[in-house]
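Peer 1: Quick one: this structure, given as structure tokens, is what I'll be asking you about.
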Amino acid sequence: MKALEVRNISKMFPGNLANDNISFSVEKGEIFAIVGENGAGKSTLMNIIYGIYTPTAGEIYVNEQKARIRSAEDAIQLHMGMVHQEFMLIPRFTVAQNVVVGDEPRKGIFFDYTRAVREVKELSDKVSMTVDATAITGDLPVGIQQRVEILKVLRRGAEILIFDEPTAVLTPEETQDLFVTMRKLQSQGKTILFISHKLKEVMDIADRIAVLRRGKVQGIVNKKDTNEEELARMMVGRNVVLEIPRVEASVGPVAFSCHDLRVKNVRGMETVRDVSFDVRGGEIVGIAGVQGNGQDELVNAMIGFTRPTSGSMELNGKSMRLVTTAELRRQGMSYITEDRARRGLVMPYTVRDNSVMGQHLNAPFSRGLRMDYDKIAEFAEGKVKEYDIRPGDVTDTAGSLSGGNQQKLILARELSLPHNFLIASQPTRGLDVGATEFVYRKLLEEKKSGKAILLISLELSEILGLSDRILVMFEGHIVGETTPDKTTEEALGLLMLGVGVDRKVVS
Amino acid sequence: MSENSGTNKFLRIFGIDSQGRKRRDPLNVWVPLISIALALVVGMIVIAVSGRNPFRAYALLFGDSGLIPGGSAWPREFAELLIKSAMYIATGLAIALAFKGGLFNIGAEGQFWVGAIVATFFGYWSPVAGAFGNMATALGSMAWIAQLLHGAICIILGMLAGGAWAAFAGFLYVKRGVNIVIGTIMLNWIAWFLITNWLVTGPMTPPTQTFTSGTYYVADTAKLFRIMMPTRLNTSIILVLLAAYATWFLLYKTTIGYEIRAIGHTANIGMEAPRAQGINVNRRIVQMMFFSGCLAAMGGCFFILGMQYQFPNTATMGYGWTGIGVALIGQSEPIGVVLAGLFIGALRTGATSMQVANIPKTFSNIIEGLAVGFIALQVAVRYYLVKFLQRRRAHADPPAEQEAAA
Numbered sequence: 009m010k011a012l013e014v015r016n017i018s019k020m021f022p023g024n025l026a027n028d029n030i031s032f033s034v035e036k037g038e039i040f041a042i043v044g045e046n047g048a049g050k051s052t053l054m055n056i057i058y059g060i061y062t063p064t065a066g067e068i069y070v071n072e073q074k075a076r077i078r079s080a081e082d083a084i085q086l087h088m089g090m091v092h093q094e095f096m097l098i099p100r101f102t103v104a105q106n107v108v109v110g111d112e113p114r115k116g117i118f119f120d121y122t123r124a125v126r127e128v129k130e131l132s133d134k135v136s137m138t139v140d141a142t143a144i145t146g147d148l149p150v151g152i153q154q155r156v157e158i159l160k161v162l163r164r165g166a167e168i169l170i171f172d173e174p175t176a177v178l179t180p181e182e183t184q185d186l187f188v189t190m191r192k193l194q195s196q197g198k199t200i201l202f203i204s205h206k207l208k209e210v211m212d213i214a215d216r217i218a219v220l221r222r223g224k225v226q227g228i229v230n231k232k233d234t235n236e237e238e239l240a241r242m243m244v245g246r247n248v249v250l251e252i253p254r255v256e257a258s259v260g261p262v263a264f265s266c267h268d269l270r271v272k273n274v275r276g277m278e279t280v281r282d283v284s285f286d287v288r289g290g291e292i293v294g295i296a297g298v299q300g301n302g303q304d305e306l307v308n309a310m311i312g313f314t315r316p317t318s319g320s321m322e323l324n325g326k327s328m329r330l331v332t333t334a335e336l337r338r339q340g341m342s343y344i345t346e347d348r349a350r351r352g353l354v355m356p357y358t359v360r361d362n363s364v365m366g367q368h369l370n371a372p373f374s375r376g377l378r379m380d381y382d383k384i385a386e387f388a389e390g391k392v393k394e395y396d397i398r399p400g401d402v403t404d405t406a407g408s409l410s411g412g413n414q415q416k417l418i419l420a421r422e423l424s425l426p427h428n429f430l431i432a433s434q435p436t437r438g439l440d441v442g443a444t445e446f447v448y449r450k451l452l453e454e455k456k457s458g459k460a461i462l463l464i465s466l467e468l469s470e471i472l473g474l475s476d477r478i479l480v481m482f483e484g485h486i487v488g489e490t491t492p493d494k495t496t497e498e499a500l501g502l503l504m505l506g507v508g509v510d511r512k513v514v515s
Numbered sequence: 010m011s012e013n014s015g016t017n018k019f020l021r022i023f024g025i026d027s028q029g030r031k032r033r034d035p036l037n038v039w040v041p042l043i044s045i046a047l048a049l050v051v052g053m054i055v056i057a058v059s060g061r062n063p064f065r066a067y068a069l070l071f072g073d074s075g076l077i078p079g080g081s082a083w084p085r086e087f088a089e090l091l092i093k094s095a096m097y098i099a100t101g102l103a104i105a106l107a108f109k110g111g112l113f114n115i116g117a118e119g120q121f122w123v124g125a126i127v128a129t130f131f132g133y134w135s136p137v138a139g140a141f142g143n144m145a146t147a148l149g150s151m152a153w154i155a156q157l158l159h160g161a162i163c164i165i166l167g168m169l170a171g172g173a174w175a176a177f178a179g180f181l182y183v184k185r186g187v188n189i190v191i192g193t194i195m196l197n198w199i200a201w202f203l204i205t206n207w208l209v210t211g212p213m214t215p216p217t218q219t220f221t222s223g224t225y226y227v228a229d230t231a232k233l234f235r236i237m238m239p240t241r242l243n244t245s246i247i248l249v250l251l252a253a254y255a256t257w258f259l260l261y262k263t264t265i266g267y268e269i270r271a272i273g274h275t276a277n278i279g280m281e282a283p284r285a286q287g288i289n290v291n292r293r294i295v296q297m298m299f300f301s302g303c304l305a306a307m308g309g310c311f312f313i314l315g316m317q318y319q320f321p322n323t324a325t326m327g328y329g330w331t332g333i334g335v336a337l338i339g340q341s342e343p344i345g346v347v348l349a350g351l352f353i354g355a356l357r358t359g360a361t362s363m364q365v366a367n368i369p370k371t372f373s374n375i376i377e378g379l380a381v382g383f384i385a386l387q388v389a390v391r392y393y394l395v396k397f398l399q400r401r402r403a404h405a406d407p408p409a410e411q412e413a414a415a
């Protein structure tokens with residue numbers, strides 16, 4: 009039986025056909041993956057199925073009945089549930105409270121918390137998803153929080169579950185746990201739609217795969233009849249080399265160094281402890297680690313957002329421990345952030361205005377107090393061509409670009425600043441294959457031109473493929489240093505989890 | 010739409026185009042116009058419900074607002090319209106500028122009065138006033154030079170004081186995390202009571218007068234030039250238009266404006282793109298508050314040097330509050346603020362005449378409030394407007410829609 013079928017769905021946004029005549033059907037009990045680059049129309053499609061957007065044309069059938077889905081409530085009525093990429097959880101609530109919120113068990117007019125805890129326990133046992141119903145949600149690791157989200161959806165009676173890029177926020181181990189959960193749900197007859205752009209994962213979990221490109225279905229394939237390369241080709245419309253070429257460059261003098269650096273996070277906990285390393289010109293130093301082991305705080309200290317509590321930091325021989333971001337940038341630091349919306353770009357600003365932020369006080373972009381928007385436009389036009397930023401109109405807002413093009417814009421800006429030290433913090437997070445490859449190429453070009461690069465990443469393949477030296481960060485310490493030819497993903501993975509690390513060093 | 014056509018260039022000068030938006034959004038113009046129209050319609054209903062003739066009320070309101078030339082009373086009404094509008098535009102610009110930087114400077118009221126009292130002081134304080142008086146006598150027929158200088162000094166010092174008052178709230182915000190709305194509103198009351206309950210009834214009152222008579226009168230040299238005799242129309246409207254242009258220039262042509270707008274766009278919690286690019290956000294916020302305070306204080310200077318010539322004991326608050334409405338109706342764009350300020354000025358000028366027809370003055374306030382209310386509902390107004398336009402487009406081009414639906 010077909011649990012879900014979409015027929016000829018189209019969605020028109022002003023000036024953009026996000027979904028173009030999409031049709032597919034999902035059998036009951038199937039794990040059906042939808043893959044595509046950023047901006048291929050996956051999220052739009054899911055939002056249509058879930059009733060958040062109204063399609064311009066087309067029909068949806070649930071359990072072979074024509075369905076009228078005008079809101080998320082309608083979708084829930086039809087036993088559909090969405091596990092969002094950004095969790096819709098209240099951090100200060102307990103797990104049980106979060107799971108039942110919106111449909112709470114009551115005793116008279118009061119909330120029956122005891123029953124809520126019991127219900128959640130029963131539910132999590134039934135689907136064998138272990139989670140402590142009384143824990144405070146905000147304290148749990150991301151992977152467990154996602155389970156809470158799944159439980160919430162199941163409790164509302166979901167038979168068709170939509171996972172919108174669920175692995176984007178997970179560590180590799182958490183991803184494996186999620187897949188175990190998904191298979192369990194499948195064995196209980198649930199139907200799963202899995203949205204992703206990570207081909208390896210899709211090949212791991214899905215039964216069938218639909219590939220979306222520019223709003224159109226490029227093809228629907230059985231997992232056993234295909235492979236990653238074919239999917240990649242369908243996604244981007246050309247052959248993609250996922251192999252990272254080795255680039256040799258002569259190693260220059262030390263550009264950045266830090267010694268015994270200690271940094272506290274916003275809650276006053278010391279999350280970077282006695283970190284020392286240096287980065288030389290012409291080399292890429294990779295910092296591997298599971299998210300939340302002090303990388304964010306280290307970066308914050310390096311870009312002048314937080315003051316280290318002790319230790320020293322030098323950029324090109326000058327102490328940089330107590331200076332502003334502006335001063336660091338003047339001294340030759342560039343910074344590529346993973347958080348494009350928060351830190352990377354001013355989203356309502358145009359491509360043009362974003363392209364010079366940070367060097368807008370320099371000639372020729374301004375003279376004295378006066379901005380020269382014509383010169384800036386000229387510069388931006390050049391960068392748009394050089395970096396192939398699409399759609400290519402410098403008067404579009406940054407917010408209207410796809411994730412990959414936003415990252416290209418950030419690269420264009422950061423690499424055109426006068427710099428000799430580049431911090432690349434998860435530079436390919438959330439990017440599709442094409443854009444990822446582009447970022448790799450640019451980083452290697454940087455290395456070749458003698459720049460010092462610090463690469464912080466959660467993707468081991470990226471760390472191994474790009475780095476000349478690898479530092480492993482665990483609970484705020486650098487617990488190991490190695491080179492790509494002396495290690496493997498498995499060995500790094502163990503170090504990242506603190507296996508084999510002398511506990512005395514850590515505590 | 011050609012970028013270089015004359016109209017567009019004109020609009021661009023006055024900031025309709027906020028630097029490089031590709032398709033200038035016509036909704037930005039339509040939303041305030043529709044809000045005002047809705048306010049007028051609802052206002053009519055309110056007047057009608059109260060048993061009065063709305064057409065007569067509007068005829069009187071707008072007939073005597075100074076907007077429509079003609080009649081012997083018109084020059085005076087026109088002068089009143091511009092004098093009032095100049096002050097509302099000044100406070101409106103102050104609030105609009107802060108809005109652009111992502112802050113709600115609700116303290117324009119206090120900054121207005123700080124500007125007013127400082128202008129008063131330097132208007133009458135004998136070392137200054139005396140010097141300019143002597144200068145005027147010495148210059149004879151060129152006495153206008155002394156008047157120009159004295160007036161300018163009073164306005165500049167008043168603006169600096171108002172700017173400092175606002176910058177202090179900005180300083181508390183960036184250094185101590187004091188919410189800007191709370192900080193400025195507190196400073197409003199501090200300013201207001203310091204001025205009215207102490208300065209105006211105490212040290213700045215002439216000893217021979219009773220405490221109800223307000224401060225000393227400013228010297229003649231401190232008064233703004235009159236530009237349309239016999240009305241009391243003065244140069245304030247010209248100065249405020251220059252200020253509007255300066256605000257536009259600051260926002261859209263300077264590095265400071267570029268940074269202020271970037272900060273404003275990212276002022277939501279946690280957005281830190283400007284900071285990550287090396288912009289000194291805290292310094293810019295204090296500067297922006299300073300500029301904002303200067304603009305509000307300018308209105309206060311007009312109040313004293315153009316109208317009252319002293320700080321009267323009867324002054325009532327409201328210029329800064331009105332500025333909030335002006336900034337909202339004007340969509341925080343300098344040209345919009347100018348137009349909105351004229352609109353509010355017209356309502357206030359015409360309100361008195363309505364009383365003749367036994368229609369309370371407050372009805373003009375109701376219209377004002379409704380206009381701001383509809384602006385506050387602009388998301389809804391936009392939504393229905395877009396829907397309406399879409400339906401019209403679908404109507405004009407039915408085959409595609411039907412084909413898609415089939």
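Note that the protein sequences, when read in sequence, are chains A and B.
Residue numbering for the first sequence follows the numbering used here, beginning at 9 and increasing consecutively.
Residue numbering for the second sequence follows the numbering used here, beginning at 10 and increasing consecutively.
From the three backbone atoms N, C-alpha and C, an ideal C-beta is built for every residue, glycine too.
Computed from a predicted structure; not experimentally measured.
#1: Tell me, please, whether the CB atom of Pro356 (chain A) is closer than 7 Å to any CB atom in chain B?
#2: Using the Cα positions of Met88 (chain A) and Val109 (chain A), report the straight-line distance between them to the nearest angstrom.
#3: Can you list, in chain order, the residues of its chain whose CB lies under 7 Å from that of Gln194 (chain A), leaving out five sequence neighbours each side?
#4: What do you reckon, are the CB atoms on Arg351 (chain A) and Thr345 (chain A) nearer than 7 Å?
#5: Could you tell me the distance, in whole angstroms, from the CA atom of Val507 (chain A) to the CA atom of Ala178 (chain B)?
#6: Taking the straight line between their C-alpha atoms, what separation do you get for Ser433 (chain A) and Leu463 (chain A)?
#7: Just mark Lys19 (chain A) as buried or exposed, buried being the case when its beta carbon has 16 or more other beta carbons within 10 Å.
#8: List the residues of chain A that Thr263 (chain B) touches, going by C-beta distances under 7 Å, in chain order.
#9: Secondary structure at Asn206 (chain B), three-state DSSP: helix, strand or coil?
#10: Just verifying my parser: in three-state terms, what is the DSSP assignment at Leu466 (chain A)?
#11: Determine the direct distance from the alpha carbon of Asp268 (chain A) to that of Leu7 (chain A), and round the result to whole angstroms.
#12: Here's the rule I'm using: 16 or more other beta-carbon atoms within 10 Å means buried, otherwise exposed. How should Ile98 (chain A) be labelled?
#13: Which residues of chain A have a Cβ atom closer than 9 Å to the Cβ of Pro343 (chain B), listed in chain order?
#14: How is Gly294 (chain A) classed by DSSP in three states: helix, strand or coil?
#15: According to a CB-to-CB cut-off of less than 7 Å, which residues of the region 334-354 of chain A neighbour chain B?
#16: At a Cβ threshold of 7 Å, is Ser374 (chain A) touching chain B?
#17: Roughly how far, in whole angstroms, is the beta-carbon of Asn93 (chain A) from the beta-carbon of Val135 (chain A), given that I think they are within contact range, below 8 Å?
#18: Taking C-alpha atoms, which residue in A:Val125, A:Ile68, A:Gln414 and A:Leu466 lies nearest to Ile30 (chain A)?
#19: Could you tell me how far apart the beta carbons of Thr405 (chain A) and Arg360 (chain A) are, in whole angstroms, since I believe they sit closer than 8 Å?
#20: Leaving out five residues on either side along the sequence, give the residues of the same chain with a beta carbon under 6 Å from the beta carbon of Ala104 (chain A).
#21: List, in order along the chain, the chain B residues whose C-beta lies closer than 9 Å to that of Thr332 (chain A)?
#22: Does Met297 (chain B) come within less than 7 Å of chain A when only Cβ atoms are used?
#23: Return the chain-ordered ranges of every beta strand (DSSP E) run that is complete within the region 465-500 of chain A and spans a minimum of 3 residues.
#24: Hey, quick one: how far does the alpha helix (DSSP H) through Ser44 (chain B) stretch, first residue to last?
#25: Comparing C-alpha positions only, which one of B:Leu203, B:Ala228 and B:Met307 sits nearest to Pro136 (chain B)?
#26: Assuming Leu49 (chain B) and Ile265 (chain B) are in contact, meaning their beta carbons sit under 8 Å apart, how far apart are those beta carbons, in whole angstroms?
#27: Grab me the residues of Arg357 (chain B)'s own chain with a C-beta within less than 7 Å of its C-beta, minus the 5 sequence neighbours each way, in chain order.
#28: Does the beta-carbon of Phe387 (chain A) have 16 or more other beta-carbons within 10 angstroms, so that it is buried, or is it exposed?
#29: Return the first residue and the last residue of the alpha helix (DSSP H) that Ile384 (chain B) is part of.
#30: Can you tell me whether Thr217 (chain B) is helix, strand or coil according to DSSP?
#31: Answer yes or no: do Ala214 (chain A) and Lys232 (chain A) have a C-beta to C-beta separation smaller than 7 Å?
#32: Below 9 Å between beta carbons is the criterion; list the residues of the region 455-469 of chain A that meet it against any residue of chain B, in chain order.
#33: Using the DSSP secondary-structure output, state which residues sit across from Ile228 (chain A) in a beta bridge.
#34: How about the region 200-212 of chain B and the region 286-293 of chain B: do they share at least three Cβ pairs that are nearer than 8 Å?
#35: Under 6 Å Cβ to Cβ from Met96 (chain A), same chain only, skipping five residues before and after it: list those, please.
Peer 2: In this structure, then:
#1: yes
#2: 17 Å
#3: Gly37, Ile39 and Ile200
#4: yes
#5: 53 Å
#6: 6 Å
#7: buried
#8: Leu377, Arg378 and Met379
#9: helix
#10: coil
#11: Here chain A comprises residues numbered 9 to 515, so residue 7 (chain A) is not present and cannot be evaluated.
#12: exposed
#13: The contacting residues do not exist; Pro343 (chain B) stays about 17 Å from chain A at best.
#14: strand
#15: Ala334, Arg337, Tyr343, Thr345, Arg350, Arg351, Gly352, Leu353 and Val354
#16: yes
#17: Checking the displayed sequence, the identity of residue 93 (chain A) turns out to be Gln instead of Asn. Not a contact, Cβ separation roughly 21 Å.
#18: A:Ile68
#19: Actually they are not in contact, since the Cβ atoms of Thr405 (chain A) and Arg360 (chain A) sit about 10 Å apart, beyond 8 Å.
#20: Ala124, Val125, Val128 and Ala141
#21: Gly287 and Asn289
#22: no
#23: 477-482 and 485-490
#24: Leu36 to Val58
#25: B:Ala228
#26: Between Ile265 (chain B) and Leu49 (chain B) the Cβ distance is about 38 Å, and since that is not below 8 Å, they are no contact.
#27: Lys93 and Ser373
#28: buried
#29: Thr371 to Ala385
#30: coil
#31: no
#32: none
#33: A:Ala218
#34: no
#35: none
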